[in-house]
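Novice: Before we start, here is the structure in question, set down as structure tokens.
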Amino acid sequence: MPAASALPVKPGVETPKVLLREAELSDAPSLAELYQEAKPDLSATPAGMTAHLNSGFALVVADTANRVLAAVRWTSDPEGWNVERVATRVTEREQGYGRWLMTKLEAMAIKGNVKRLTLEIDNPALLHYYSRMGYHPTEAGSLVLSKRVGGVWQKQVHHGA
């Protein structure tokens, strides 16, 4: 997983002190709170987040107090990575954290020879947001979106004999 990285600085704009980093097991309570805030009908618990972190992956944007402001979590399968949820605290929206997380996730996918990212949205209003990042419905009218991040230029790396 990547080392922590700082939010890109915009000239003339004061940038909050935040870092994008790999989620840790100690983030589970904060992740549960974040996902519960973002989607109240979702039953997000610290135990559930711990289970996800033990079997899946997550990146977080955290402030200097290590408070999780935004996160993306995903799982891996033979077809690619399945983005399960992107969430940003209500008070932290419109700061580019979601796009930053997705851009980092895409870079990691390319580096890891992952060919496709897939996500399912529950709000059709987000179609435009994700289409600007290159995600498209897998079929007409679908809220399952996909983006090819790998290509023929990628060389598959096989380890072992």
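Following the working numbering, the numbering of the sequence shown begins with 2 at its first residue and continues without gaps. No residue lacks a Cβ here, since even glycine has one placed at the ideal position from N, Cα and C. Quick caveat: nothing in here was measured; it's all calculated off a predicted structure.
Go ahead and pull the three-state DSSP assignment for R1.
Specialist: The displayed coordinates of the chain run from 2 to 162. Any statement about residue 1 would go beyond what the structure contains.
Novice: Please report the distance separating the alpha-carbon of T93 from that of E38.
Specialist: In the sequence under discussion, the amino acid at residue 93 is Glu, which differs from the Thr named in the question. Using only the alpha carbons, I get a separation of about 12 angstroms.
Novice: Put A162 into one of helix, strand or coil per three-state DSSP.
Specialist: Residue confidence for A162 is low, a pLDDT of 49 falling below 50, so the modelled location carries little weight and cannot support an answer.
Novice: For S31, does the count of other Cβ atoms within 10 angstroms reach 16, so buried, or fall short, so exposed?
Specialist: Counting Cβ neighbours within 10 Å, S31 comes out buried, since at least 16 surround it.
Novice: Distance check for T119 and V84, CA to CA, integer angstroms please.
Specialist: Straight-line Cα distance between these residues: approximately 6 angstroms.
Novice: Just to confirm, is the Cβ distance from M103 to V87 under 8 angstroms?
Specialist: Contact flag set, yes.
Novice: Give me the DSSP bridge partner(s) of G81.
Specialist: Per DSSP, D78.
Novice: Excluding the 5 residues preceding and the 5 following P47 in the sequence, name in chain order all residues of the same chain whose CB lies nearer than 7 angstroms to its CB.
Specialist: Excluding positions up to five away in sequence, the list reads A29, P30 and A33.
Novice: Using the three-state DSSP reduction, which class does A39 fall into: helix, strand or coil?
Specialist: A39: helix per DSSP, three-state reduction.
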